[in-house]
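Trainee:
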Amino acid sequence: MGEATTRFVERTLCPLGKGSHATPEFEENKSLCGAGILFMLPSLLAQGLLKAKEVFRLPSSHYYGLESVVLTLAFMALARIKNPEQLKQCKPGEIGR
């Protein structure tokens with residue numbers, strides 16, 4: 566079952582303005598698809614990738630936080646996915662899962 570169907574409570578509360586964004590969750594797993602991309606996460610964080618939240622703001626009722634958007638764009642670049650349209654061919658929520 567995909568990640569989008571397992572976190573339904575957070576998805577329901579965000580449009581109603583009763584919840585904040587869902588934080589990215591990393592957990593231990595086997596047989597990771599695209600795990601090499603996740604090895605770059607510590608170096609991306611050390612370079613200040615998530616300092617974007619000091620500059621940009623999102624509306625209060627949203628499901629994806631700024632951290633999730635920035636990490637997705639960074640992982641897209643590392644996976645050589647050139648535009649968001651190409652995400653239809655892969656499952657970004659399943660990368661490294």
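Here the numbering used here = 1-based position in the sequence shown + 565.
Even for Gly, the Cβ is constructed at its ideal location relative to N, Cα and C.
Everything numeric in this text was worked out from a predicted model, so none of it was measured.
Would you say L623 and G630 are within 8 Å of each other, going by their C-beta atoms?
Mentor: yes
Trainee: So, are the CB atoms of L636 and I602 less than 8 Å apart?
Mentor: no
Trainee: With a cut-off of 8 Å on the beta carbons, I'd call L609 and E632 a contact; round off their distance for me.
Mentor: With a Cβ gap of about 12 Å, L609 and E632 do not count as contacting.
Trainee: What's the C-alpha gap between M605 and L652?
Mentor: 20 Å
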